[in-house]
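Taking it in order: structure first as structure tokens, then the write-up.
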RNA sequence: CGGGAUGUGGCGCAGUUUGGUAGCGCACUUCGCUUGGGACGAAGGGGUCGCACGUUCGAAUCGUGUCAUCCCGACCA
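Residue numbers (our numbering): 329 to 906.
Set out below in structure tokens:
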């Protein structure tokens, strides 16, 4: 490809609306352009990158025994009603009507469609197990799209779905996919961590996410990990705490009594007033789960993890109650307390979930739904608790549940996930096969996603410097750029053309910068776009030397044109493992 | 959905307070000159200032409404 003809417009400045490096560089270097909020044009350079990630994904999925198909982007309401998700998916599902007023949606994921395909085509246990996948654009009407390709509304995804006759078969396929994912991300030059996670709205039991670890804001997930193998998304992480039992006796509280605690609306204020540690307080928070109030209890020094709480009460939506909702709840129970004085006492017919940290409290402090008062020296028998669950947000420094060493925390970008769905879709959609006994059985399903466009953006987050992108060879739009310093110099031009032709003939993806630009412009563009290798043909050609520059390391080496060609081919073949 | 901000050529911005008919840098075209880290000179092309209504002799500028975009929060694979 000739640079003079390559469709790319690099910008001198970053776009004003970009926040994270991948967004900034992909726009500045001419890979993408925003069409509307969360929706991007993939320009030729970007499309080459995406196709490479797609193809690596395709090769590894095929190698793992999955079969590619393609499902429609527009889906009918009826299938979503069968699964029950038309009601529960919420506003993220982009709904529309056709000319006959029939309701449709843009596919945010394809469980419903694939399940319908399977029940039509997979009638016998003899056909199972099967894994079907596609690579396609998805649309999710995100509340707040941001970070460019990292959280778009329209994005490219590989989604795979497996059908099995038993949990054992599903486990096997799940492990098979985990290995395929490791291969895919490794080949993309993108180290990932496989972490345990919550299974979220898609539902099911077991799930893992593949995270690209980053220390920037682009990592929207907190990942807790240990030097042993344990690692988990914060929505799923568990830990051991050092303190076994917290007893008020250590602060001289041995007697149960109600104390005046004026203006202690926060844990801090209460601790100061009573001169007790936060860990002695039973914190009580009101949540609204599927529009019903729920009381969550947790030790005062810890935080609630809302996803865990949501799972504990079996809700599909949860949020903290507003001040007005708390007031309404208090009024309905005949109390006059506000935030800070809420307690489980007298909360009849309200679900009360306590974190496991509450179990180990003795002679503790708790609100009793009376303004400016708290109960001290309380015990667990003083009120009703419906269930104890781990609903606690883990903090760094707490101990690994597996080996007991301190946990560390980092940020991660989720580029892939694998779920065990079980019969969540096959049962309600009556998607069954006949077993050996001729009996109808629902498929045991799994689903496996990779954000293709997000993976590309994550690769930029993981590989860049002040000057631009440093694409891993396997997913770079082109492998090499040949830069003649002066297009007016016949010798430089002919050597550059010769190198260009040799590389082309060797199957290397190469660009020659034939523009009549000053060298600074060419070098800046080469660095910005992120060609893994650059061969510069300049004045030293009179001594028979050109320069080979490696983008990743910045290493520059002088050598003859033939040596440069051979070196580059050698490097690229090694990187691509062919 | 709550809070904040912004909409002026492809990109980044000034002009709005004190209404008078649009400007700068980059990019683009042509010529000259230059060629190892975003040169320089000259001459050009491209916008009627998000949209609508209103006030006014006159609106990018004032008013009302509306749409869009971005940030923080809530939410989320």
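The C-beta atom is built at its ideal place from N, Cα and C for all residues, glycine as well.
Asked, Found
"Decide if residue 720 is buried, meaning its Cβ has at least 16 other Cβ atoms within 10 Å, or exposed.", "buried"
"Quick check on the DSSP output: the beta strand (DSSP E) that includes residue 463 runs from which residue to which?", "458-467"
"Skipping 5 residues on each side, what residues in its chain have a beta carbon closer than 6 Å to that of residue 509?", "538 and 744"
"May I have the straight-line CA-CA distance separating residue 780 from residue 824, to the nearest angstrom?", "35 Å"
"Report, in whole angstroms, the separation of the C-beta atoms of residue 369 and residue 361, which I expect to be a contact under 8 Å.", "5 Å"
"Can the beta-carbon of residue 740 be found less than 8 Å from the beta-carbon of residue 547?", "yes"
"Can you name, in chain order, every residue of its own chain whose Cβ lies under 7 Å from the Cβ of residue 821, other than the five neighbours on each side?", "812 and 815"
"Among the candidates 602, 553, 765 and 882, whose CA atom is the shortest distance from the CA of residue 587?", "602"
"Give the straight-line distance between the Cα atoms of residue 558 and residue 485, rounded to the nearest whole angstrom.", "27 Å"
"Quick check for students: name the residue ranges of the beta strand (DSSP E) that lie wholly in the region 390-478, counting only runs of 3 or more.", "402-404, 423-425, 431-434 and 458-467"
"Could you pull the DSSP bridge partners for residue 648 from this structure?", "615"
"Note down the Cα distance separating residue 897 from residue 346, rounded to an integer number of angstroms.", "36 Å"
"Would you give the residue range spanned by the beta strand (DSSP E) that residue 536 belongs to?", "535-542"
"Cβ of residue 358 within 8 Å of Cβ of residue 568?", "no"
"When you compare only the Cα positions, how much space is there between residue 529 and residue 644?", "The predicted position of residue 529 is uncertain, since its pLDDT is 48 and thus under 50; a value taken from the coordinates is nonetheless stated next. C-alpha separation (whole angstroms): 7 Å."
"What's the call for residue 853, buried or exposed, on a 16-neighbour Cβ count within 10 Å?", "buried"
"Go to residue 515, then tell me how far its alpha helix (DSSP H) extends in each direction, as first and last residue.", "495-515"
"Please report how far the alpha carbon of residue 880 lies from the alpha carbon of residue 798, in whole angstroms.", "6 Å"
"Take residue 436 and list the residues in its own chain whose beta-carbon comes closer than 7 Å to its own, dropping the five residues that flank it on each side.", "420, 421, 466, 467 and 468"
"Given this structure, state the Cα-to-Cα distance separating residue 519 from residue 540, to the nearest angstrom.", "6 Å"
"What residue range does the beta strand (DSSP E) around residue 763 cover?", "Element bounds for residue 763: n/a, residue is neither H nor E."
"Can you give me the Cβ contacts of residue 531 inside the same chain, cut-off strictly under 6 Å, excluding the 5 residues immediately before and after it?", "Residue placement at residue 531 is flagged as unreliable, the pLDDT there being 48, under the threshold of 50; the coordinate-derived value follows with that caveat. Answer for residue 531: 752, listed in chain order."
"Between which residues of its own chain and residue 635 is the CB-CB distance below 6 Å, once the five residues before and five after are set aside?", "526 and 563"
"Taking 6 Å as the limit between beta carbons, can you name the residues of its chain near residue 899, skipping five residues before and five after?", "none"
"Decide if the region 490-501 is in contact with the region 446-457; the criterion is three or more beta carbon pairs, one per stretch, under 8 Å apart.", "yes"
"To the nearest angstrom, how far is it from the Cα of residue 442 to the Cα of residue 638?", "28 Å"
"When you compare only the Cα positions, how much space is there between residue 801 and residue 834?", "16 Å"
"Spell out the partners DSSP gives residue 352 in its beta bridges.", "None; residue 352 has no bridge partner."
"If you draw a straight line from the C-alpha of residue 795 to the C-alpha of residue 872, how long is it?", "29 Å"
"By the DSSP assignment, the beta strand (DSSP E) with residue 368 in it spans what residues?", "367-370"
"In this structure, how does DSSP classify residue 654 when only helix, strand and coil are distinguished?", "helix"
"Mark residue 403 as exposed unless 16 or more other C-beta atoms lie within 10 angstroms of its C-beta, in which case mark it buried.", "buried"
"Less than 8 Å between C-beta atoms, sequence neighbours within five positions excluded: which residues of the same chain meet that for residue 392?", "459, 504, 505, 507 and 508"
"Please state the DSSP three-state secondary structure of residue 769.", "strand"
"Quick one: give me the first and last residue of the beta strand (DSSP E) that residue 362 is part of.", "360-364"
"Residue ranges of each alpha helix (DSSP H) run of no fewer than 4 residues wholly in the region 831-898, ordered along the chain?", "847-857"
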